[in-house]
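Here is the structure we will look at.
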Amino acid sequence: MAIDSNSYEAQWKASRTAVEAGEVASGAQQRTLYRAAERHARRAVQINPRDAEGHVGLARALGRTALAVGKRERVKYAGEVREHALEALKYDPRHAGALHIMGVWNAEIMRLSGVTRFMAKNFLGGQVFDSASWKDAVRYMEQAVAVEPNRLIHRIDLAEIYADAGDKAKARAAFQHVVNAPAVQPADAKYKQQAAQALRSL
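Just so we're aligned: 110 in my numbering is position 106 of the sequence shown, and the numbers increase by one with no gaps anywhere.
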């Protein structure tokens, strides 16, 4: 079915659908879906730059692409992901998707090695990395959980942030919540499996 290239709603929804499909795909198919998601989101922002959904769609598509490449290569995506997530929060401060992206953004920057962060800041134009912190990673992701408490993707990413930030007790409780929760979204079964595996290794 053709997607109306002049419809803001059709474009951001097409971007969201492509990202969701990409999350359960792999390899070349996944990369193709994330590129399509980026294309639709860029068109949505072009049509209406003053609404959260288009910016969230673009940040999400770029973020998923970034997570699928090497850590050094992620640097080039970091600034634009952050820019569009913050722009979305300007129009909708309680947008769970934008809050989630900012939580992951802070966590992924903090997970980079000190050498990679140094290289990014000094040679690759990644000065924005100075604004990342575990505190902000936790704060944004806890806000996403508060807005959408039944979305397991928020909960498992929060659990991983707790674990990487050194709060094993909170990580264990958050992973256990994911294990016990019902699977509602298509990817929830995968998150439940990941949470069970994480609990065994904590």
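Just so it is clear, CB atoms sit at the ideal spot from N, CA and C, and this is done for glycine as well.
Item	Value
If you drop the 5 nearest sequence neighbours on each side, which residues of the same chain put their C-beta closer than 6 angstroms to that of Tyr12?	Ala48, Ile51, Asn52
Which word fits Val73, buried or exposed, when buried means at least 16 other C-beta atoms lie within 10 angstroms of its C-beta?	exposed
Thinking just about the alpha-carbon of each residue, which of Arg115, His59, Ala65 is nearest to the one in Tyr95?	His59
With a threshold of 8 angstroms, are at least 3 pairs of Cβ atoms found where one atom belongs to the segment 107-114 and the other to the segment 156-170?	yes
In whole angstroms, what is the alpha-carbon distance linking Gln115 and Ala14?	Here residue 115 is Arg; the residue named in the question, Gln, does not match the sequence. Near 35 angstroms, if we compare the C-alpha coordinates of Ala14 and Arg115.
If you check the beta carbons only, do Tyr38 and Ala82 fall under 8 angstroms apart?	no
Would you decide whether Val28 is buried or exposed? Buried here means 16 or more other CB atoms lie within 10 Å of its CB.	exposed
Rounded to whole angstroms, what's the CA-CA distance from Ala191 to Ala200? Just pull it up for me.	15 angstroms
Report the residue from Leu71, His44, Glu77, Glu146 whose alpha carbon sits nearest the alpha carbon of Gly61.	His44
With a cut-off of 8 angstroms on the beta carbons, I'd call Ala177 and Ala167 a contact; round off their distance for me.	Actually they are not in contact, since the Cβ atoms of Ala177 and Ala167 sit about 11 angstroms apart, beyond 8 angstroms.
Tell me which same chain residues have a C-beta within less than 6 angstroms of the C-beta of Arg78, skipping the five on either side of it?	Ala70
From Arg35 to Ala56, what does the alpha carbon distance come to, in whole angstroms?	24 angstroms
What do you get for Leu162, buried or exposed, if any count of 16 or more other CB atoms within 10 angstroms of its CB means buried?	buried
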